[in-house]
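**Student:** Below you'll find the structure I mean.
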Amino acid sequence: MSNLVMKTIALESLDKAVRSWILKAVEEPLLVMDNGEPILVVRSLFEDDVADELIAHNPAFQASVERARQQKAAGQVKTLAELRQKYAVE
Numbered sequence: 023m024s025n026l027v028m029k030t031i032a033l034e035s036l037d038k039a040v041r042s043w044i045l046k047a048v049e050e051p052l053l054v055m056d057n058g059e060p061i062l063v064v065r066s067l068f069e070d071d072v073a074d075e076l077i078a079h080n081p082a083f084q085a086s087v088e089r090a091r092q093q094k095a096a097g098q099v100k101t102l103a104e105l106r107q108k109y110a111v112e
């Protein structure tokens, strides 16, 4: 589906303190700081999060979005209202 390689780690391979913090992040997001700067948010996944992430980073999807942007910039895109009027759809 994508060239994106998502790294994974087993929760049980983490030390007890880290595992505890990650389990708490299931209930509410956890902001990880490094020298006072936020670097990471740990939160629970929603049902489609992994699929959304893979699709968003898929080169074919990105190329499709870029083509659509170019078509819009060139005036080759019709609004939904224009299409409804053209095809007499309500």
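Numbers in our numbering are just positions in the sequence shown, counted from 1, shifted up by 22.
The beta-carbon is built from N, C-alpha and C at its ideal position, and this holds for glycine as well.
Give a yes or no on whether the C-beta atoms belonging to L36 and I44 are separated by under 8 Å.
**Tutor:** Cβ atoms of L36 and I44: closer than 8 Å.
**Student:** Return the CA-CA distance between P81 and I31, expressed in angstroms with no decimal places.
**Tutor:** Going by the C-alpha atoms only, they are around 25 Å apart.
**Student:** Tell me which residues share the same chain as A103 and place their Cβ nearer than 6 Å to its Cβ, disregarding the 5 neighbours each side in the sequence.
**Tutor:** If we look at A103 and ignore the five residues flanking it on each side, it has no Cβ neighbours.
**Student:** Within 10 angstroms of its Cβ, does V64 collect 16 or more other Cβ (buried), or is it exposed?
**Tutor:** With fewer than 16 other Cβ atoms within 10 Å, it is exposed.
**Student:** Taking only runs of the beta strand (DSSP E) that begin and end inside the stretch 43–93, which ones reach a length of at least 3 residues, in chain order?
**Tutor:** For the stretch 43–93, whole beta strand (DSSP E) runs of length 3 or above, ordered along the chain, are 52–56 and 59–64.
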